[in-house]
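In the working numbering, the protein residues as written are 462 to 597. No residue lacks a Cβ here, since even glycine has one placed at the ideal position from N, Cα and C. Note that this is a predicted model, so its numbers are computed, not measured. Remarks on the structure that follows.
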Amino acid sequence: MPDEIRTAALAHIRERRLLQTRSVGKTAFYMAGGKIDPGESAEEALHREIREELDAAIVAGTLLHLGVFEAPAYGHPAGTALHMTCFLAELSAVPRATSEIAELRYFTVDEYAAMPDVAPGSMLVFRRLQSLGLLD
């Protein structure tokens, strides 16, 4: 069975741009969120990861399931699959990069697609949100 990384991700939109994070030591920007621990639901993982990465909480009642996105896991060995459960949500505070995050940035679809390193899973979310009329 091929390796699979199961993650929960946040699609946080501001001014028709999607938030992406770049971890310390990495070149690509990814969806905010992270791996789902054993015994943890995608929602529980998302709440934990957003507190850890963005120093913010998800506003109660704003969590909306966007979909499950499957793509090659960027930055992992060939054959590693990404299974990313993605949610739309509002944050309790302006996102702030914590110690594990080097940079936060909001992108339009074209701005992200033009980056030298593009995570396939993030690109799928950008395209879905664009198709829904939520992003420029």
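Residues of the same chain with a CB within less than 6 Å of the CB of residue 553, apart from the 5 flanking positions on each side, are 517, 518 and 520 in chain order. For residue 497, no beta strand (DSSP E) segment is defined, and its DSSP state is neither H nor E. Per DSSP, reduced to three states, the secondary structure at residue 485 is coil, with no helix or strand assignment. The segment 472–486 makes contact with the segment 562–579; the number of CB pairs closer than 8 Å reaches 3 or more. If only uninterrupted beta strand (DSSP E) runs of at least 3 residues are considered, those enclosed by the segment 505–593 are 525–533, 542–549 and 562–568. The beta carbons of residue 581 and residue 473 sit no closer together than 8 Å. 546 is the residue among 551, 546, 559 and 487 whose C-alpha sits nearest the C-alpha of residue 505. In terms of CA proximity to residue 464, 541 leads the group 541, 510, 508 and 490. Nearest in C-alpha terms to residue 583, of all of 499, 559, 558 and 536, is 536. A direct Cα-Cα distance of roughly 19 Å separates residue 565 from residue 590.
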